[in-house]
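**Student:** In the working numbering, the protein residues as written are 14 to 441.
Virtual Cβ for every residue (Gly too), placed ideally from N, Cα, C.
Below is one structure. I have some questions about it.
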Ligand SMILES: Nc1nc2c(ncn2[C@@H]2O[C@H](COP(=O)(O)OP(=O)(O)OP(=O)(O)O)[C@@H](O)[C@H]2O)c(=O)[nH]1
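Structure, rendered in structure tokens:
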């Protein structure tokens with residue numbers, strides 16, 4: 014039998030009110046034991062909570078939600094207690110004393126919602142993002158997923174794939190039973206539908222992933238030793254995140270600083286100076302790590318006098334106030350000097366400008382990287398299917414559907430059954 018779980022679902026005490034949720038087969042019995050007669054479903058009622066010995070614990074609002082139409086899909090109880098630490102601890106203790114009732118693991122309510130089909134994986138992931146959202150943009154992107162925008166899009170594609178599969182199966186059956194050759198026009202129609210769907214999915218793959226909104230845009234500062242990387246990092250994040258010194262090779266490893274700006278999260282990384290031919294083992298490791306960071310950067314601030322290793326880098330002319338470094342050399346985007354606030358502000362402007370294209374558009378459905386990866390797998394399967402082999406076409410359709418099912422966290426075989434029996438009548 015499934016355990017009944019409980020947890021404080023509001024913030025941690027102390028607070029004005031603490032909401033304790035109880036979910037599972039023993040939820041109502043536990044609530045009745047604590048608060049006496051159960052109120053009508055979904056109606057709040059004031060109850061005096063007592064422990065097993067009859068001692069009064071608290072006066073609380075009690076709500077009962079009968080499953081399966083609940084957040085978890087199970088019987089669910091909410092206790093709105095006074096939010097003091099001792100009150101919450103006493104109520105939790107009384108709950109834990111009930112047979113089959115235990116404290117929930119982190120995320121266990123949502124996990125049950127997923128297992129009981131109340132939400133799918135994409136919605137559950139959206140929910141996790143929503144709980145972590147710090148900025149308005151993060152919140153908006155996450156709420157879209159929670160409301161099922163990703164799931165609806167993916168379900169729509171899966172429906173179309175199921176139709177195509179059913180048509181292919183029907184053609185196969187027909188050809189087998191009546192021993193007639195396949196109709197090449199019908200086969201090519203299916204193949205072109207598969208192609209069309211693949212293109213729609215590949216467009217989604219090309220979109221900036223929503224992960225960037227949540228993880229932050231990775232801005233990497235790189236260049237030779239002493240080019241002013243640490244100084245610029247500190248100026249950009251407005252604190253002493255990295256050590257600045259005139260000694261070349263001061264920064265030996267990556268230093269990361271997170272900052273929110275204009276509602277966008279950034280992670281700025283200072284890297285070890287790209288020293289040529291170093292004998293120092295540690296410095297050499299630092300250089301390797303810097304090179305990795307350069308490749309992984311969403312935005313590269315390149316601070317060397319030699320051309321950047323990536324065409325999309327923002328090439329800066331650093332320490333522009335030093336004698337002999339005046340003027341903006343060919344190819345540089347900006348001159349930076351630590352004594353000029355405006356030059357640092359214009360670096361931020363350049364970063365924000367580049368970031369716009371890297372962030373998901375507000376009006377588009379935001380997909381996560383791993384969801385895009387499944388869409389890419391699905392699209393590739395549809396494109397790979399040969400036109401002259403209908404058995405292979407059926408197989409690639411199955412692969413594509415399975416890839417999309419991963420986004421929703423549902424088993425592809427069940428989807429297959431739905432597809433064949435629920436949606437499409439073969440008529441024979
Ligand atoms: N005049 C002037 N000096 C600067 C400027 N920016 C940095 N410096 C100086 O240049 C030296 C190197 O600066 P850092 O910021 O440590 O340079 P870095 O590229 O991080 O150096 P490594 O850690 O060796 O890779 C320090 O002495 C700084 O004070 C600037 O805009 N103008």
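Hey, out of 408, 416, 403, whose CA is closest to residue 196's CA?
**Tutor:** Of the candidates 408, 416, 403, the one whose C-alpha sits nearest the C-alpha of residue 196 is 403.
**Student:** Shortest alpha-carbon distance to residue 100 belongs to which of 356, 32, 221?
**Tutor:** When each option's Cα is compared against that of residue 100, the closest is 32.
**Student:** Alpha carbon to alpha carbon, how far is residue 439 from residue 176?
**Tutor:** Note that residue 439 scores 26 on pLDDT, short of 50, meaning its location in the model is unreliable and no value can be drawn from it.
**Student:** Could you pull the DSSP bridge partners for residue 170 from this structure?
**Tutor:** DSSP lists no partner for residue 170.
**Student:** Count the other C-beta atoms from every protein chain shown that fall within 10 angstroms of the C-beta of residue 383, then say buried if there are 16 or more, exposed otherwise.
**Tutor:** Flag for residue 383 reads exposed.
**Student:** Express the C-alpha separation of residue 77 and residue 71 in angstroms, rounding to a whole number.
**Tutor:** Going by the C-alpha atoms only, they are around 18 Å apart.
**Student:** Beta-carbon within less than 7 Å of residue 422's beta-carbon, same chain only, minus the 5 sequence neighbours each way: which residues are those?
**Tutor:** Within the same chain, residue 422 has close Cβ partners 127, 133, 134.
**Student:** On the three-pair Cβ rule with 8 Å, is the stretch 374-390 touching the stretch 217-228?
**Tutor:** Segments in contact, yes.
**Student:** Put residue 88 into one of helix, strand or coil per three-state DSSP.
**Tutor:** Note: residue 88 maps to coil in three-state DSSP.
**Student:** Where does residue 69 land, buried or exposed, given buried means 16+ other C-beta within 10 angstroms?
**Tutor:** By the 10 Å Cβ count, residue 69 comes out exposed.
**Student:** I need the straight-line Cα distance from residue 429 to residue 419, nearest angstrom please.
**Tutor:** The pLDDT assigned to residue 429 is 35, lower than 50, so where the model puts this residue is not dependable; a value taken from the coordinates is nonetheless given after this. Near 13 Å, if we compare the C-alpha coordinates of residue 419 and residue 429.
**Student:** In the DSSP assignment, what residue or residues form a beta bridge with residue 381?
**Tutor:** Residue 381 pairs with nothing; no bridge assigned.
**Student:** Pick helix, strand or coil for residue 256, following the three-state DSSP scheme.
**Tutor:** Three-state result, residue 256: coil.
**Student:** DSSP beta-bridge partners for residue 315?
**Tutor:** Beta-bridge pairing links residue 315 to 235, 328.
**Student:** Between which residues of its own chain and residue 409 is the CB-CB distance below 7 Å, once the five residues before and five after are set aside?
**Tutor:** These residues qualify, in order along the chain: 394, 395, 397, 398.
**Student:** Can you tell me whether residue 79 is buried or exposed? The criterion is at least 16 other CB atoms within 10 Å of its CB, across all chains shown.
**Tutor:** Exposed is the call here.
**Student:** Is residue 359 near ligand 1, going by C-beta to nearest heavy atom under 7 Å?
**Tutor:** False, no ligand heavy atom lies under 7 Å from that Cβ.
**Student:** Inspect the CB distances between the stretch 181-196 and the stretch 270-286 and report whether three or more fall short of 8 Å.
**Tutor:** No, the stretch 181-196 does not touch the stretch 270-286.
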